[in-house]
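**Student:** The sequence shown begins at 1237 in our numbering and counts up one residue at a time. Just so it is clear, CB atoms sit at the ideal spot from N, CA and C, and this is done for glycine as well.
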Amino acid sequence: MAAERAHLQFLYFGDWLATSLDFELTDPYLLARIEPLTAISHLAAVTERIGLVATISSAHSEPFSAARAAASVDLLSAGRAALAITTGSESRSASNFGWQTVHRDADRVASAGEFIQVLRGLWDSWSDDAFVADARTGVLVDPEALHTLNYVGSYRSSMGPLNVVRPPQGHPPIAVVASAENLRELAARAADLAFVSPRTLEEGVQAYATAKRLASELGRDPAQYLLLTTVFPIVAETREDAWNLYDELVELVQVETVSGRSTVDNLPASRTLRHLAGVLGVSLTGVSIDEVVPARLAARFGDLGRSLVEVVGARSGRTVGGHRGVTLRHLLVAHAVVAPIIVGSAEDIADHFESWFRKGAVDGFTVLSAFTEQFEAFTTLVVPELVRRGLFPADYLGNSLREHLGLSRPVNRHARKEESLEAGPRPVRRLHPAETGRRRS
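#1: Opposite residue 1668 in the DSSP bridges: which residues?
#2: Which word fits residue 1248, buried or exposed, when buried means at least 16 other C-beta atoms lie within 10 angstroms of its C-beta?
#3: For residue 1643, which residues in the same chain have their Cβ closer than 7 angstroms to its Cβ, ignoring the five residues on either side in sequence?
#4: On the DSSP letters alone, give me the boundaries of the beta strand (DSSP E) that residue 1581 sits inside.
#5: Give the straight-line distance between the Cα atoms of residue 1466 and residue 1577, rounded to the nearest whole angstrom.
#6: Just tell me which of 1391, 1352, 1344, 1399 has its CA closest to the CA of residue 1363.
#7: Pull up the distance between the alpha-carbon of residue 1341 and that of residue 1670, whole angstroms please.
#8: Please check the pair residue 1648 and residue 1402, which I expect to be a contact at CB under 8 angstroms, by giving their CB distance rounded to whole angstroms.
#9: When the Cα atoms are used, what is the spatial distance from residue 1442 to residue 1434?
#10: Give me the Cα-Cα distance between residue 1345 and residue 1535, rounded to the nearest whole angstrom.
#11: Report back the beta-carbon spacing between residue 1637 and residue 1668 to the nearest angstrom; my notes put them in contact at under 8 angstroms.
#12: Count the other CB atoms within 10 Å of the CB of residue 1265; is the residue buried (16 or more) or exposed (fewer)?
#13: CA-CA distance, residue 1617 and residue 1277?
#14: Give me whichever residues DSSP pairs with residue 1322 in a beta bridge.
#15: How close, in whole Å, do the beta carbons of residue 1322 and residue 1283 come, if the pair is a contact with beta carbons under 8 angstroms?
#16: Report the partner residues of residue 1411 according to the DSSP bridge assignment.
#17: Ignoring anything shorter than 4 residues or poking outside the segment 1475-1512, list the alpha helix (DSSP H) runs there in chain order.
#18: Run through the DSSP bridge pairs and tell me what residue 1287 is partnered with.
#19: Between the C-alpha atoms of residue 1650 and residue 1383, what's the straight-line distance to the nearest angstrom?
#20: From the DSSP secondary-structure annotation, give me the bridge partner or partners of residue 1525.
#21: So the candidates are 1413, 1274, 1603, 1477; which of them puts its Cα closest to the Cα of residue 1219?
#22: Does the distance from the C-beta atom of residue 1215 to that of residue 1562 stay below 9 angstroms?
#23: Quick check: the segment 1416-1428 against the segment 1368-1378, are at least 3 beta-carbon pairs closer than 8 angstroms?
#24: Answer yes if the segment 1444-1459 comes into contact with the segment 1468-1486, meaning at least three C-beta pairs across the two stretches below 8 angstroms, and no otherwise.
#25: Would you identify the three-state DSSP class for residue 1335, choosing helix, strand or coil?
#26: I'd like the span of the alpha helix (DSSP H) that includes residue 1310, first residue to last.
#27: Alpha carbons only, please: which of 1516, 1447, 1445, 1472 is nearest the one belonging to residue 1566?
#28: Once DSSP output is grouped into helix, strand and coil, what is the label at residue 1636?
#29: So for residue 1369, helix, strand or coil by DSSP?
#30: Check each candidate in 1285, 1310, 1263 and name the one with the smallest Cα separation from residue 1274.
#31: Residues in the same chain with beta-carbon distance under 6 angstroms from residue 1329, minus the five sequence neighbours each way, listed in chain order, please.
#32: Have a look at the DSSP bridge pairing and note the partners of residue 1375.
#33: Which residue comes first and which comes last in the alpha helix (DSSP H) that contains residue 1614?
#34: Quick one: give me the first and last residue of the alpha helix (DSSP H) that residue 1272 is part of.
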């Protein structure tokens, strides 16, 4: 597998608990999906070192079942499993589980916090040395090594103990998609990883400092709390080849070709020239989507239009009035397809990673790919460049996912005081790229 050969830390499987034909034009990867825990269970058998992260909705799952499944996969994979917790904010998903309405944000996030508390409590049901297996005395289990949880919260309860031994990682790492203020607080308090989405480097630096400070204020070691952001690289041997590849991908996006006419029924409003005209602040009556934007028209663009021109330039090398002009199609796609796309050679992509990492905006990245060959290009072109710069290890640093990420193994909460002083290795700060499917919270 390309990801494991490149020594990426984990494969991440997002999830979505509903489907609709609407997704065909907007999010086709959501039309039909394999259940994430099932996927990582299969991959545990056909991989050796790479971590495996499955998404689970705290709103639509029971913590005992989730704890049992995750502990089982962690055992079967020799310590490579993790869970990404989402909170169930989508109405169609809610209706699939018998909800008449989506619960309010505060309740869903508070429930997710209790969900995580129950997971961690259940994973500590068994002491690490619970099974004595002493043939001389006939004792199999130390009677003091099995612990009842008896958790009763406002949203969740579980008696325990868990009927799976303590996972190899102690607790499989927990990730939270920290897309809102209350989720960022939850992540800083209870998660090992936070998936964040800063729009700019400056925003990322500020948010990173705030998140680490909050973790410290909550009594945590900030080095044990990692922030990862998504990146969508389009990479080729040269920058110009990457620009051309981006142009080909832009051509594949279904958009309105002439105002009022489309080759596709039920095209989303955001893919129309009328919508683009409103974004740019100009009239586009009677124009074709592939027309090059003349300088006199671009001069009338509003602030958002001017920013789209900059985005198109960064992604395709196109400039208004240049030999490769900016087209209306490029502007519409840049606005309609929201993704953290960076385009260029291996050196260009590595520059982006290095800048964000060294300036303190992230601890690492999850990597989206437009198609399989693009991911392979990332592993064969960009990863070696990151290794050459000393930003990424040339081999795995250990066997478990926690070791890959530099995260300590949690000590069982029931351990004796002298045992609790040993918390495992301190992390070495390195970039953490990982492969991911698109994720939705």
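**Tutor:** Taking the definition as stated:
#1: 1600
#2: By the neighbour-count definition (other C-beta atoms within 10 Å, threshold 16), residue 1248 is a buried residue.
#3: 1409, 1428, 1460, 1663
#4: No beta strand (DSSP E) contains residue 1581, which DSSP labels as neither H nor E.
#5: 9 angstroms
#6: Looking at the Cα atoms, 1399 is the closest of the given residues.
#7: 29 angstroms
#8: 7 angstroms
#9: 9 angstroms
#10: Answer to the nearest angstrom: the Cα atoms are 46 angstroms apart.
#11: The pair is not a contact, with the Cβ atoms about 11 angstroms apart (cut-off 8 angstroms).
#12: When all chains shown are included, residue 1265 counts as exposed.
#13: Rounded to the nearest angstrom, the two C-alpha atoms are 30 angstroms apart.
#14: Answer is 1293, bridged to residue 1322.
#15: Contact flag wrong, Cβ pair sits at about 24 angstroms.
#16: 1320, 1429
#17: 1475-1488
#18: 1246
#19: For the pair residue 1650 and residue 1383, the Cα-to-Cα distance works out to about 8 angstroms.
#20: DSSP links residue 1525 through a beta bridge to no other residue.
#21: No information on residue 1219 is available, as it lies outside the stretch 1237 to 1677 that the chain covers here.
#22: Outside the displayed range of the chain (1237 to 1677) lies residue 1215, so it cannot be described from this structure.
#23: no
#24: no
#25: coil
#26: 1299-1312
#27: 1516
#28: coil
#29: strand
#30: Residue 1274 has its Cα closest to that of 1310, out of 1285, 1310, 1263.
#31: 1253, 1254
#32: 1370
#33: Segment: none, residue 1614 is in no alpha helix (DSSP H) and carries neither H nor E.
#34: Per DSSP, residue 1272 belongs to the alpha helix (DSSP H) from 1272-1282.
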